[in-house]
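Worksheet: one structure, shown below.
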Amino acid sequence: AMGFYTGGARVMPVPGPLGRINPQALDKAIQRYSRDLAPGGQPMAVTITQATEVGTVYAVDDVKAIAEVSRRHGLPLHMDGARFANAIAATGVTPAEMTWKSGVDIISFGATKNGCWMADAVVIFNPEVGKDLRLLRQHAGQTFSKARFISAQFEAYLTDDLWLRMAGHANAMAAHL
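First residue of the sequence shown? That's 1127 in the working numbering, and the numbers climb one at a time after it.
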């Protein structure tokens, strides 16, 4: 699906310890693509997953280091937050500290993997990065008429830190295993 919506883009993995991107490896990976060699493709964004697919978490300083590399190369930083609540519950930092204060431009804030029914939200911190999002969302067919019933879950999810309590419980149960 990504290639369809991006005109042929593909994901280029960057190595790092325990599923986390290493900033130095990211810098080297980006430098492989010369701006003078258009046929070779160009990096368009950096994406990190918080928490990672293997359950590890980026610390705030890790996110800042990756954001610094991204900025130096003129690339926006996207955070895949499918397990964002688990990361916040594990680190104890605020969502602001983990995202926009650390240089994240846009996050896909997931609630589905923390108790909601197919409810995720895109939060844009850098308006320039999200300027075409409405058009892309429509192009992707993500404008169904009863979306309010799905998005309404966020009201309860975010009230009284329910999202963090559920994530904290999930983290504790995972540690118990």
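Even for Gly, the Cβ is constructed at its ideal location relative to N, Cα and C.
Since residue i is in the beta strand (DSSP E), which residue starts that stretch and which ends it?
i     : result
G1294 : Here G1294 belongs to no beta strand (DSSP E); instead the alpha helix (DSSP H) covers L1288 to H1302.
M1170 : No beta strand (DSSP E) holds M1170; DSSP gives it neither H nor E.
V1249 : D1246 to I1250
Once the 5 residues before and after residue i are set aside, which same chain residues still bring their CB inside 6 Å of it?
i     : result
K1252 : The sequence shown places Asn at residue 1252, not Lys. Only D1231 meet the Cβ criterion.
V1248 : S1234
H1204 : A1171, T1173 and I1232
P1202 : A1171, D1231 and V1255
V1137 : none
D1153 : V1195
Tell me which same chain residues have a C-beta within less than 7 Å of the C-beta of residue i, skipping the five on either side of it?
i     : result
K1239 : A1208 and R1209
E1179 : G1145
N1297 : N1212, A1215 and A1216
T1269 : R1263
Closest to residue i by CA distance: which of the options is it?
i     : options                       : result
Q1186 : Y1283, Y1159, S1234 and I1214 : This sequence places Val at residue 1186; Gln is not what is there. Minimum Cα distance to V1186 is reached at I1214.
T1217 : I1233, A1293, R1197 and I1276 : A1293
A1151 : S1160, L1288, A1300 and I1192 : I1192
C1242 : T1182, Y1283 and A1296        : Y1283
M1224 : V1183, P1143 and K1257        : V1183
E1194 : H1265, A1300 and P1149        : P1149
D1072 : G1181, S1277, D1188 and Q1176 : Examination of residue 1072 is not possible in this model, given that the chain is present from 1127 through 1303 alone.
D1188 : Q1157, Y1159 and P1143        : P1143
S1196 : Q1264, V1219, D1162 and Q1157 : Q1157
G1167 : G1133, G1181, I1147 and K1190 : G1133
A1301 : S1271, G1181 and I1147        : G1181
Please list, in chain order, all residues of the same chain as residue i whose beta carbon is under 8 Å from its beta carbon, the five residues on each side excluded.
i     : result
D1286 : none
A1237 : A1211, A1245, D1246, A1247, Q1279, F1280, Y1283 and W1289
Just curious, the alpha helix (DSSP H) that residue i is in, first and last residue?
i     : result
M1265 : First, the amino acid is wrong: residue 1265 is His here, not Met. L1259 to H1265 is the extent of the alpha helix (DSSP H) around H1265.
L1203 : Careful: L1203 lies outside any alpha helix (DSSP H), inside the beta strand (DSSP E) at L1203 to G1207.
S1277 : A1273 to S1277
A1151 : P1149 to Q1157
Could you round the C-beta distance between residue i and residue j to whole angstroms and report it? I think they count as a contact, below 8 Å.
i     : j     : result
P1169 : H1199 : 7 Å
L1261 : I1250 : Their Cβ separation, rounded to whole angstroms, is 14 Å, which puts L1261 and I1250 out of contact at 8 Å.
Would residue i pass as an interface residue toward chain C - the criterion being a Cβ-Cβ separation below 8 Å?
i     : result
L1303 : This model lacks chain C altogether, as it is built from one protein chain only.
- Message: Just to confirm the assignment: which complete beta strand (DSSP E) runs, minimum length 3, are found wholly within the region 1175 to 1236?
- Response: 1203 to 1207 and 1232 to 1236
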